[in-house]
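Trainee: Note that the protein sequences, when read in sequence, are chains A and B.
Residue numbering for the first sequence follows this note's numbering, starting at 90 and increasing by one per position.
Residue numbering for the second sequence follows this note's numbering, starting at 15 and increasing by one per position.
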Amino acid sequence: MELGVYSFGDVQRDTDGALGSTAQAQRNLLEAIRLADEVGLDYFGIGEHHTHEMPASAATVVLGAAASVTKNIILGSAVTVLSTDDPVRVYQQFATLDALSNGRAEITAGRGSSTESFPLFGHSLNDYDDLYAEKLDLLLKLNETPRITWEGRFRPALDDALVVPRPDRGHLPIWLATGGNPNSTVRAAVAGLPISYAIIGGPAERFGPLADLYRRAVEQVAHPNAQTRISVASPGFVGNDAQAAKDLWWKHYHEAFRALGEIRGFPAPQRAGFDRDANGGGALFVGSPEEIAERIVALHGVMGHDRHFFQMDLGQLPQKDFLGAIELLGTKVKPLVDAALAEKAPTSETV
Amino acid sequence: MTDIKVIGILGAGRVGTALARRALAAGYEVRIASARAPSEIALMMDFVAPGAVPATTEQVIAESDMVLLALPLSKYRSLRPEAFAGKIAVDAMNYWPQTDGVLPEFEGAPVSSEVVADHLAGARLLRAFNHLGYHELDAEARPAGDPGRRALAIAGDDAAARADLAVVIDRMGFDPVDAGPLAQARAFAIGTPLFGAPLGRVEMQEALAGQQAA
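#1: Which residue comes first and which comes last in the alpha helix (DSSP H) that contains I55(B)?
#2: Would you identify the three-state DSSP class for H341(A), choosing helix, strand or coil?
#3: So, helix, strand or coil for Y109(B), using DSSP?
#4: Nearest to A198(A) by alpha carbon, out of G259(A), T173(A), I352(A) and G290(A)?
#5: Does DSSP put S92(B) in a helix, in a strand, or in coil?
#6: Would you mind sorting T439(A) into buried or exposed? The rule is 16 or more other CB atoms within 10 Å of its CB.
#7: For the region 393-407 of chain A against the region 350-364 of chain A, do three or more pairs of beta-carbon atoms, one drawn from each stretch, fall closer than 8 Å, so that the two count as touching?
#8: Evaluate the contact criterion for the region 265-272 of chain A versus the region 241-257 of chain A: three or more CB pairs, one atom per stretch, below 8 Å.
#9: Am I right that A193(B) and L222(B) are in contact with their C-beta atoms under 8 Å? What's the rounded C-beta distance?
#10: Run through DSSP, which three-state label would G269(A) get?
#11: Indicate the three-state DSSP secondary structure (helix, strand or coil) for E43(B) in the structure shown.
#12: Distance check for E344(A) and I18(B), CA to CA, integer angstroms please.
#13: Comparing alpha-carbon positions, which option in F183(A), N161(A), S157(A) and I162(A) lies nearest T169(A)?
#14: What are the residues that DSSP puts in a beta bridge with F133(A)?
#15: Against chain A, with Cβ distances strictly below 8 Å, would P207(B) count as a contact?
#16: I need the straight-line Cα distance from V5(B) to S213(A), nearest angstrom please.
#17: Which runs of the alpha helix (DSSP H) spanning at least 4 residues fall entirely within the region 323-396 of chain A, listed in chain order?
#18: How would you call R156(B), buried or exposed, if buried means at least 16 neighbouring beta carbons within 10 angstroms?
#19: I need the straight-line Cα distance from D152(B) to N117(A), nearest angstrom please.
#20: Would N329(A) pass as an interface residue toward chain B - the criterion being a Cβ-Cβ separation below 8 Å?
#21: So with CB distances below 8 Å, who are the chain B contacts of F355(A)?
#22: If we cut at 8 Å on Cβ distances, does E91(A) have a partner in chain B?
#23: Which residues of the region 23-38 of chain B have a Cβ closer than 8 Å to any Cβ of chain A? Give them in chain order.
#24: So G413(A) is in the alpha helix (DSSP H); what residue range does that whole segment cover?
#25: Quick check: the Cα distance between V29(B) and I46(B), rounded to an integer number of angstroms?
#26: Shortest alpha-carbon distance to L87(B) belongs to which of I102(B), A131(B), D178(B) and I75(B)?
#27: Look at the alpha carbon of G65(B) and the alpha carbon of G159(B), and state the distance between them as a whole number of angstroms.
#28: According to DSSP, is L229(A) part of a helix, a strand, or is it coil?
#29: Quick one: is V158(A) buried, meaning 16 or more other Cβ sit within 10 Å of its Cβ, or exposed?
#30: Which first and last residues belong to the beta strand (DSSP E) in which D192(B) is found?
#31: Buried or exposed: which applies to H389(A), given that a residue is buried once 16 or more other Cβ atoms fall within 10 Å of its Cβ?
#32: Using a Cβ-Cβ cut-off of less than 7 Å, give me the residues of the region 360-393 of chain A that come near chain B, in sequence order.
#33: For T274(A), which residues of its own chain have a beta-carbon under 6 Å away from its beta-carbon, when the five flanking residues on both sides are left out?
#34: Comparing the C-beta of V1(B) with each C-beta of chain A, is any distance below 8 Å?
#35: What does M186(B) touch in chain A if you count any residue whose Cβ is under 9 Å from its own?
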């Protein structure tokens with residue numbers, strides 16, 4: 090099981106309570122990726138947002154810098170808001186990242202949870218579904234061939250255009266992100282793409298049937314180049330003491346969703362709901378290393394996922410707490426998960 | 015009082031499939047349709063709502079005693095009003111310009127269901143299920159009498175239809191609260207304190223009374 094982190098590059102408060110700059114947030118992100126690699130985590134993803142609170146708008150630049158100061162960690166987007174980007178540019182940037190990182194770049198394409206990029210880049214939300222479908226189609230074709238002839242509604246046609254660099258390994262891994270709409274699960278399976286489930290509220294185990302649906306649909310379609318992998322992205326935070334971790338993270342979680350709720354018209358979260366989701370089988374993986382390891386393994390029993398990664402820096406979490414949680418995820422949670430899954434696996438698979 | 019046996023669901027996304035699971039758990043027959051052909055959603059239903067029978071939109075409306083609308087809101091225009099004549103239709107949709115895009119007819123409308131009601135003029139239209147998250151439909155259902163049972167508000171101009179839906183909601187695992195005519199749905203629309211709030215029956219009744227008085 091691969092473990093990792095994803096971030097929207099939150100601006101953070103320092104110990105005096107002052108809010109950091111959007112520029113500092115980029116440097117903090119680079120520091121976090123470097124540590125994640127050092128402590129043996131497998132994956133770091135940056136999610137595209139364009140707000141003052143979440144200013145990670147140019148993920149590939151940060152990931153490119155990270156490529157030169159890390160050795161093993163996979164560097165990806167979580168997610169690239171494909172609907173409002175140019176797939177040719179996205180592909181070129183990630184192929185360049187793949188070259189600089191010696192084959193560690195991945196794209197996760199999605200619609201994204203927020204929509205600031207639509208007015209920013211001159212797109213209409215009324216084209217929400219069509220933009221995504223067309224751009225995903227182009228991105229996948231670019232991954233197959235360096236020369237492309239293509240025509241669509243939202244970008245100029247391509248006539249035997251050359252798109253370089255090409256990844257040394259032939260193709261880039263392109264994941265499809267979904268928040269649990271079963272249609273998206275079928276879409277990923279039909280396209281032969283690995284799927285990334287964002288589980289951000291409610292009981293995590295309700296994604297079990299979707300993972301089963303994904304595997305069955307892949308079997309039925311029998312796509313020749315199918316990469317059937319499943320990952321899970323969920324909010325989470327690790328601290329040495331379970332209760333202290335929940336208490337600390339609640340403050341930041343509350344702040345993040347109170348602010349979001351003001352914009353979108355839903356009420357601020359309540360502690361009772363947080364505690365329900367942060368304990369047992371809920372979507373918030375907040376607690377001690379032992380507790381988080383147990384919960385990852387329990388969800389693996391339901392979903393059989395290959396990778397699980399966590400959004401830790403929400404609501405202006407101080408950088409020291411972010412780094413502390415990354416360290417515990419790598420040094421404590423990961424060995425516990427590895428050991429538990431090795432024990433559960435049949436001997437034939439562990440040999 | 016109609017004896018509701020078959021519940022139809024239009025829309026097989028997150029909300030539609032969650033409603034299908036609750037309706038099946040409550041012992042109803044369920045028919046479901048989406049923009050895809052029934053054969054295409056059959057596999058999906060085997061996993062996410064086993065027992066729900068895929069059908070065409072026309073079949074779902076014709077064969078069901080009550081139809082739940084869980085489509086992307088912009089698709090409401092594709093529904094043929096004649097097919098809904100005399101039918102109980104429950105609007106579970108919301109208007110979110112942040113993700114639906116701007117739909118001019120919903121801009122400035124106090125509650126999106128009033129626009130849907132105008133379109134489906136012959137339907138006995140109700141508004142319900144809109145003020146809680148789709149994942150809470152699965153997670154928050156509780157048996158009757160459970161102290162943690164959540165309340166769901168029902169608004170609509172047809173009192174008999176509201177009473178029929180109240181029975182369905184109770185069997186699905188929530189406490190139904192009659193909010194009265196459709197205009198009263200403004201009291202639990204997006205941006206009100208009731209929207210998304212985990213309230214029990216009495217709290218919901220008090221909050222509705224407070225909102226309606228305000």
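Backbone N, C-alpha and C define an ideal beta-carbon position, used for all residues, glycine too.
Fair warning: this is a prediction, and the values are worked out from it, not measured in the lab.
Mentor: The answer reads as follows:
#1: P52 to V62
#2: helix
#3: coil
#4: T173(A)
#5: helix
#6: In this prediction, T439(A) scores a pLDDT of 41, lower than 50, which makes its location untrustworthy; the coordinate-derived value is nonetheless stated afterwards. Result: exposed.
#7: no
#8: no
#9: 5 Å
#10: coil
#11: strand
#12: 44 Å
#13: F183(A)
#14: V94(A) and L164(A)
#15: yes
#16: Past the edges of chain B, shown from 15 to 228, lies residue 5(B), and the structure says nothing about it.
#17: 331-353, 360-367 and 378-392
#18: exposed
#19: 38 Å
#20: no
#21: I204, F209 and G210
#22: no
#23: A26, G27, R28 and T31
#24: Q408 to L417
#25: 12 Å
#26: A131(B)
#27: 27 Å
#28: helix
#29: exposed
#30: D189 to G194
#31: buried
#32: G362
#33: L299, L302 and Y303
#34: Within the shown structure, residues of chain B are numbered from 15 to 228, placing residue 1(B) beyond reach of any answer.
#35: Going along chain A, no residue has its Cβ under 9 Å from M186(B), so there is no contact; the nearest lies around 16 Å.
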